[in-house]
Amino acid sequence: MTNKRDNSYSTPGTMDITEHQKTFAGFIRATIWVVCLSLAALIFMALTNA
Numbered sequence: 000m001t002n003k004r005d006n007s008y009s010t011p012g013t014m015d016i017t018e019h020q021k022t023f024a025g026f027i028r029a030t031i032w033v034v035c036l037s038l039a040a041l042i043f044m045a046l047t048n049a
């Protein structure tokens, strides 16, 4: 095996990552919603002695 890599098919820094960024932002937004709803449910259960 050799340690040579053929990177001629891509140039660093030229890939369009706007879709990746949108997906990541959506994932973060969904995670925040889930955490907030979970905390709200826990607080509600604590207040009602469930």
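As numbered in numbering that gives the first Met the number 0, the sequence shown has no gaps in its residue numbers, which increase by one up to the final residue, 49.
The C-beta atom is built at its ideal place from N, Cα and C for all residues, glycine as well.
Reducing DSSP to helix, strand and coil, say where residue i ends up.
i, result
"Lys21", "helix"
"Thr10", "coil"
"Ala39", "helix"
"Ala29", "helix"
"Ala49", "coil"
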